[in-house]
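Step one of this worksheet: look at the structure below.
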Amino acid sequence: MQPTTPSFQPYPPITIKLIGLGGCGGNLVSTLKLQTDRVDLIVANTDHQDLTGRTNVPTRILLGPQCTAGKGAGGRPEVGAAATVESEPALAKVLSGADLVVIVAGMGGGTGTGAAPVVARLARQLGALTLAFVTMPFYVEKGQRSRTAEQGLTALTSEADAVVVVSNQKILNVVDPRTTLSVALTYSNTILGAAISGVVDQLSLPSLMQLDFSHIRQTLSNAGQTMLGIGSASGSDAAQRAMHHALKCDLLEGNLLKARRVFVSIIGGSQLGLIDVQQAIEQIHRTINNEIDPVIGVVTSPHPAHRDRVRVTLIASEVESFRQPLRSVRSANIVSASNHLYPDDLPPFLKLHHRGSL
428 MQPTTPSFQP
438 YPPITIKLIG
448 LGGCGGNLVS
458 TLKLQTDRVD
468 LIVANTDHQD
478 LTGRTNVPTR
488 ILLGPQCTAG
498 KGAGGRPEVG
508 AAATVESEPA
518 LAKVLSGADL
528 VVIVAGMGGG
538 TGTGAAPVVA
548 RLARQLGALT
558 LAFVTMPFYV
568 EKGQRSRTAE
578 QGLTALTSEA
588 DAVVVVSNQK
598 ILNVVDPRTT
608 LSVALTYSNT
618 ILGAAISGVV
628 DQLSLPSLMQ
638 LDFSHIRQTL
648 SNAGQTMLGI
658 GSASGSDAAQ
668 RAMHHALKCD
678 LLEGNLLKAR
688 RVFVSIIGGS
698 QLGLIDVQQA
708 IEQIHRTINN
718 EIDPVIGVVT
728 SPHPAHRDRV
738 RVTLIASEVE
748 SFRQPLRSVR
758 SANIVSASNH
768 LYPDDLPPFL
778 KLHHRGSL
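Take any residue in the sequence shown, note its place counting from 1, add 427, and you have its number in this note's numbering.
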């Protein structure tokens with residue numbers, strides 16, 4: 428009798444669910460262009476009218492229909508939180524089975540600020556790694572909105588595995604003062620989109636340097652508030668230059684030198700070179716003092732237009748300090764933002780990087 432060989436049963440791919448909360452989160456999710464269709468997109472809001480307009484997102488959830496009657500949270504996080512608790516059964520249904528839940532929200536308003544901690548807690552209870560990307564208000568919004576944002580961020584940090592913060596003020600401090608408001612406001616979404624795609628694409632595109640989901644879970648689980656660095660470059664030595672930009676990114680808050688956990692995503696085209704990648708990775712070890720083992724993934728983009736282009740996303744946690752007080756940037760350091768902005772590219776001021784050494 429011939430011995431039977433067990434047949435190989437492949438596991439299903441990693442399930443990623445991206446949920447935008449409130450107006451800010453819904454705007455990003457509805458406009459985000461990922462290079463994969465292996466992500467479930469969800470938007471949730473207390474404002475029925477806002478949800479009605481997001482027809483390109485397949486799953487839309489009205490939060491707290493009894494609590495708010497679809498008329499919004501009125502800028503009150505406690506109402507946003509109560510509405511989300513009311514809708515937990517509907518949220519649990521759409522988030523169930525996810526390996527990674529990515530939450531996107533703006534801090535300072537009612538729905539996003541109140542809903543994000545509730546959704547993060549629910550996602551973790553369902554067994555998902557929970558990563559939140561949030562924006563913080565401009566400095567001119569100081570007062571109640573800023574206090575609300577800080578309180579919301581604290582609540583979210585206690586519930587999510589990792590929280591990536593993008594400060595609108597830091598963006599404002601480095602853009603050309605002639606930049607129009609409508610253009611400046613798109614930069615937050617562009618930056619958040621680049622950071623999110625750096626994580627999502629790393630788990631769903633063809634891999635050149637093996638990085639599985641367990642690596643990412645180990646690095647980001649219970650990481651708390653993190654630092655974000657992003658960079659992009661094209662042409663020769665693109666990986667090295669993109670890494671240099673990410674390590675000196677104007678968005679970095681705190682002291683990267685003391686980071687103890689670092690996730691790095693390198694996404695390149697068909698022209699990505701071995702030596703270029705190796706020297707880019709060496710920059711990380713030269714920059715960070717601790718004897719750490721960064722979690723690094725390298726994948727290839729299928730987009731023909733990206734054959735010589737490299738994007739780097741860096742998320743660091745357990746840094747020495749987080750969210751240093753904002754300092755104004757002198758006008759001599761402000762660079763022009765008039766360069767061409769590709770739909771999935773970074774704002775030009777982040778590509779030029781005038782910041783200098785860390």
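Glycine is no exception: its CB is placed at the ideal position from the N, C-alpha and C atoms.
Note that the structure is predicted; figures quoted are calculated from it, not measured.
Runs of alpha helix (DSSP H) with 4 or more residues, each lying fully within the stretch 556-612, are found at 571-584, 595-601, listed in chain order.
Counting other Cβ atoms within 10 Å of its Cβ, N483 stays below 16 and is therefore classed as exposed. Assignment of S659 by DSSP, reduced to helix, strand and coil, places it in the strand class. Contact check for C451 against A532 passes: the beta carbons are separated by less than 8 Å. Under DSSP, I742 takes part in a beta bridge, and its partners are L655, F690.
In this structure, the CA atom of S609 is about 13 Å from the CA atom of N595.
Residue ranges of uninterrupted beta strand (DSSP E) with 3 or more members, entirely inside the stretch 435-515 and ordered along the chain, are 443-448, 466-472, 486-489.
Looking at the DSSP output, M636 bridges to V725. Where I530 is concerned, the enclosing beta strand (DSSP E) starts and stops at 527-533. In the pairwise beta carbon analysis, the stretch 631-650 is classified as touching the stretch 704-724: at least three pairs are separated by under 8 Å. Residue environment analysis places L701 among the exposed positions, since fewer than 16 neighbouring C-beta atoms fall within 10 angstroms of its C-beta. E709: member of the alpha helix (DSSP H) spanning 701-714, first to last residue. Counting along the chain, no alpha helix (DSSP H) covers Q698, and no H or E run does either. By alpha-carbon distance to T442, the top candidate from L683, A525, A496, I598 is A525. With fewer than 16 neighbouring CB atoms inside 10 Å of its own CB, T479 falls in the exposed class. Spanning the alpha carbons of I488 and L741 requires a straight line of approximately 31 Å. Just measuring C-alpha positions, the residue of L527, I694, Q698, Q710 sitting nearest D628 is I694.
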